[in-house]
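Order-wise, the sequence lines are chains A and B. The first sequence runs 1 to 407 under our numbering. The second sequence runs 408 to 814 under our numbering. Glycine included, each C-beta is placed from N, C-alpha and C at the ideal position. Here the structure is a predicted model, which means the values were calculated and not measured.
Number of protein chains: 2
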Amino acid sequence: MTEIVNNPTTARLVRTQGVTAPAGFRATGISAGIKASGKLDLALVFNEGPDHGAAAVFTRNQVKAAPVLWSQQVLTTGQLRAVILNSGGANACTGPGGFQDTHATAEAVAAALSQWGTETGAIEVAVCSTGLIGDRLPLAKVLAGVTDIVHEMAGGLTGGDEAARAIMTTDTVPKQVALHHQDNWTVGGMAKGAGMLAPSLATMLCVITTDAVADSAALDQALRKAAARTFDRLDVDGSCSTNDTVLLLASGASEITPSQDELDDAVLRVCDDLCAQLQSDAEGVTKRVAISVVGAATEDDAVAAARVIARDSLVKTALFGSDPNWGRVLAAVGMAPVRLDPNRISVSFNGFPVCIDGAGAPGARDVDLSGDVITVTVDLGAGDAQATVRTTDLSHGYVEENSAYSS
Amino acid sequence: MTEIVNNPTTARLVRTQGVTAPAGFRATGISAGIKASGKLDLALVFNEGPDHGAAAVFTRNQVKAAPVLWSQQVLTTGQLRAVILNSGGANACTGPGGFQDTHATAEAVAAALSQWGTETGAIEVAVCSTGLIGDRLPLAKVLAGVTDIVHEMAGGLTGGDEAARAIMTTDTVPKQVALHHQDNWTVGGMAKGAGMLAPSLATMLCVITTDAVADSAALDQALRKAAARTFDRLDVDGSCSTNDTVLLLASGASEITPSQDELDDAVLRVCDDLCAQLQSDAEGVTKRVAISVVGAATEDDAVAAARVIARDSLVKTALFGSDPNWGRVLAAVGMAPVRLDPNRISVSFNGFPVCIDGAGAPGARDVDLSGDVITVTVDLGAGDAQATVRTTDLSHGYVEENSAYSS
């Protein structure tokens, strides 16, 4: 959001490329028959090296899908050669059998890559799944798909775009971006879902790649800082998936070692852009909404207050209706786990003051919110800290999409 | 809910009466012109005594409406002669002027009652308001209405039904109930809104009366225990009003002094019945849903887990669609602030097991949820405590009602 300055003199962002933009990465997506529709449903991201450092952040949900439990173990090594991702099924709440399916998938990827000439162990393969919770995956199709996808990639068929498409569920467009640094190193990423680490609308999966030289500790710092400011501040409906996973892999193929600050900034900008794409494609979205809390005692207070407002159904339905119902914002923030002086709270919509020191401002009911981008700024009058949480309105489309069929 | 046994041998509940069912109470409702529609918008409940003990619970929102701030002061005395309630405006976020309006209203009620022959101070008059947040009330109309309503009541025009109608906002039906104890004492109540003390969909106002002999300490215990088990466990959309107020007044006119247990039970049953009426009339409701968490380590854990599920938009939209998507229940409970073992959680819908020990049960996808009452039971497998939270589905009607106009 506003914290990030797009400085074209040091780097540029392009959305026509994703995980294969950095040197040293291959990726593709195929249809393995997991989705009944026959659409792309299996993706592979492969790090050719020379380095294989990696970092990850996972869902904070206590109910974790089998692929999350698996990938958490894998990431304890700080090394990754490949990521296999499927849509068409979350493999969550599937018991010990579901975990065995994930393990078998990682073993199959390792075996196929080894056969192709890259000696790989299952412990170097992360697994991500997304789709309906509670059903076992069609393992035979997944395993056959693994053989096919490695074969196709080995044969030269590689494309980050196909990978980005293969992880889509209710997404209407693939999400990818690449940041090219002027010093000749690159960060690329793809994402699906419309949520965040916690909470999320649907599973959020994200794979970020870089050809920078960076060890797993540097990657871990960059990813955690970026996720905290981006995915953790995207809140569509307060729900949190069992499968959320964000991975960052470094090949070192550029032979450039950026400073930690440069790496942090690049990863932040890639995450921020993917976040904006997720927000724009959230289920049922008709308005992209930024809730900025300023004048907070601490940044944590600002995030907590912004999140409570972003999750409030009455605020979100009012915004869907383009109704400048600022009283609902006051009622929502009053429930935030933050100490407040109601008589010092001021609110503006799209920069227009609607509430000053806890009471209505002239013309507040006439603010035009008919556009598709809305900024709600809440000044707590308690300090200098601030934070922005991205959210969406609560629309008929959201209800329709989430009630008409299982997802 | 299930904790309450309706025992017709000691008491019976009737919904055709409300706050005037107990001896010693008068009430009525009029149109004071606060609502542009000309509908009833001002209600008065008057305790003729001989006793005037009272207790109250208020919203936990830090942003409190002027009438809440006023009534909190009044209730520190444990005594109430009258309650004046208006719909058509919440008088919240209205600054010092809004508080002066509330104070002036209480003074006017006290003056009119004194003129009628009942010496009354403003400090004996609670004020409740409900409607749109942020606008000042039309004070001249309110004050004229106060004179009229006291005059009409003094002239013999009294009716709990009119009072219950005058506090309606988006309610489609008035809510009232009376419990007649076999020992010849009675508890009556009226309510509006579709929410709870915290949180609530819209302001929840409730006035309960009894002709039992009970001091304010006894009333306070009975009301707090009842509210904790009823209104506090009704969660329509996780939002919390600035105006929520529940009042309990005792006249002593029956000259019967029930035991504390008898009083507790009677008040609980009245609150429970009003709660069920609020749930049934919640904005956009198409399903009445009970989320029961059993097998919890503590009752607090059970309530916390049930509340998280009850607030989850993905669970609520699935129930709107009659979709037995139990995976969303697991994903929701996994975010509860309660220690969980995901492999010990079991779920049933309407008594049919859909998830056993964290994995799907046979036939889970085929459970029929097409009826308008749904029970979701979640067994945490962690202890013996349990609790039930009432909620509703998240429907197109909810979105429509809360986006199409300010309320």
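Report the partner residues of residue i according to the DSSP bridge assignment.
i	result
residue 180/A	12/A, 186/A
residue 664/B	Partner(s): none; residue 664/B has no beta bridge.
residue 141/A	In DSSP, residue 141/A forms no bridge with anything.
residue 582/B	598/B
residue 353/A	348/A
residue 535/B	492/B
residue 330/A	Note: residue 330/A sits in no beta bridge, so no partner.
residue 93/A	Residue 93/A pairs with nothing; no bridge assigned.
To the nearest angstrom, how far is it from the Cα of residue i to the Cα of residue j?
i	j	result
residue 521/B	residue 338/A	44 Å
residue 388/A	residue 618/B	53 Å
residue 152/A	residue 158/A	8 Å
residue 605/B	residue 624/B	With a pLDDT of 45 at residue 605/B, under the threshold of 50, the predicted position of this residue should be treated as unreliable, though the coordinate-derived value follows. Roughly 23 Å between the two C-alpha positions.
residue 350/A	residue 371/A	10 Å
residue 776/B	residue 329/A	34 Å
residue 215/A	residue 791/B	49 Å
residue 191/A	residue 270/A	11 Å
residue 167/A	residue 229/A	24 Å
residue 17/A	residue 749/B	39 Å
residue 96/A	residue 142/A	18 Å
residue 412/A	residue 110/A	This structure gives no information on residue 412/A, because the portion of chain A shown stretches from 1 to 407.
residue 205/A	residue 685/B	40 Å
residue 487/B	residue 461/B	6 Å
residue 608/B	residue 237/A	Below a pLDDT of 50, predicted positions are generally treated as unreliable, and residue 608/B, at 43, falls in that range; the measurement from the model is reported next regardless. Their backbone Cα atoms lie some 16 Å apart in a straight line.
residue 786/B	residue 641/B	20 Å
residue 475/B	residue 600/B	16 Å
residue 298/A	residue 386/A	7 Å
residue 120/A	residue 203/A	28 Å
Between residue i and chain B, is any beta-carbon pair separated by less than 8 Å?
i	result
residue 355/A	yes
residue 379/A	no
residue 342/A	yes
residue 298/A	no
residue 328/A	yes
residue 223/A	no
residue 402/A	yes
residue 93/A	yes
residue 132/A	yes
residue 395/A	yes
Please decide whether residue i counts as near chain A, where near means a Cβ-Cβ distance under 8 Å.
i	result
residue 424/B	no
residue 496/B	no
residue 757/B	no
residue 727/B	yes
residue 458/B	no
residue 773/B	no
residue 468/B	yes
residue 724/B	yes
residue 646/B	yes
residue 604/B	Model confidence at residue 604/B stands at a pLDDT of 45, short of 50, so the residue's coordinates are unreliable; what they give is reported in the following sentence. It does not: the Cβ of residue 604/B has no partner Cβ on chain A nearer than 8 Å.
residue 721/B	yes
residue 799/B	no
residue 738/B	yes
residue 652/B	no
residue 578/B	no
Check whether the Cβ of residue i sits closer than 7 Å to any heavy atom of the ligand FAD, and report yes or no.
i	result
residue 775/B	By its list of ligands, the structure shown contains no ligand whatsoever, and the ligand FAD lies outside what it can speak to.
Taking residue i as the reference, which of the options has the closest Cα?
i	options	result
residue 334/A	319/A, 354/A, 305/A	305/A
residue 252/A	31/A, 52/A, 19/A	52/A
residue 182/A	136/A, 256/A, 280/A, 160/A	256/A
residue 93/A	132/A, 72/A, 376/A, 273/A	132/A
residue 189/A	13/A, 373/A, 376/A	13/A
residue 284/A	537/B, 710/B, 806/B	806/B
residue 382/A	346/A, 401/A, 332/A	346/A
residue 483/B	533/B, 495/B, 456/B	533/B
residue 319/A	226/A, 287/A, 64/A, 232/A	287/A
residue 553/B	422/B, 702/B, 506/B, 438/B	438/B
Kindly list, in the order they appear in chain D, the residues whose Cβ is closer than 9 Å to that of residue i.
i	result
residue 57/A	No chain D appears in this structure, whose protein chains are A and B.
query: Between the segment 484–496 of chain B and the segment 443–454 of chain B, do three or more beta carbon pairs fall short of 8 Å?
result: yes
task: Evaluate the contact criterion for the segment 796–803 of chain B versus the segment 722–730 of chain B: three or more CB pairs, one atom per stretch, below 8 Å.
output: yes
query: How about the segment 508–515 of chain B and the segment 441–449 of chain B: do they share at least three Cβ pairs that are nearer than 8 Å?
result: no
Meets three-Cβ-pair contact criterion under 8 Å: the segment 263–279 of chain A and the segment 212–221 of chain A: yes
task: Tell me, please, whether the segment 155–170 of chain A touches the segment 233–246 of chain A by the rule of three or more beta-carbon pairs shorter than 8 Å.
output: no
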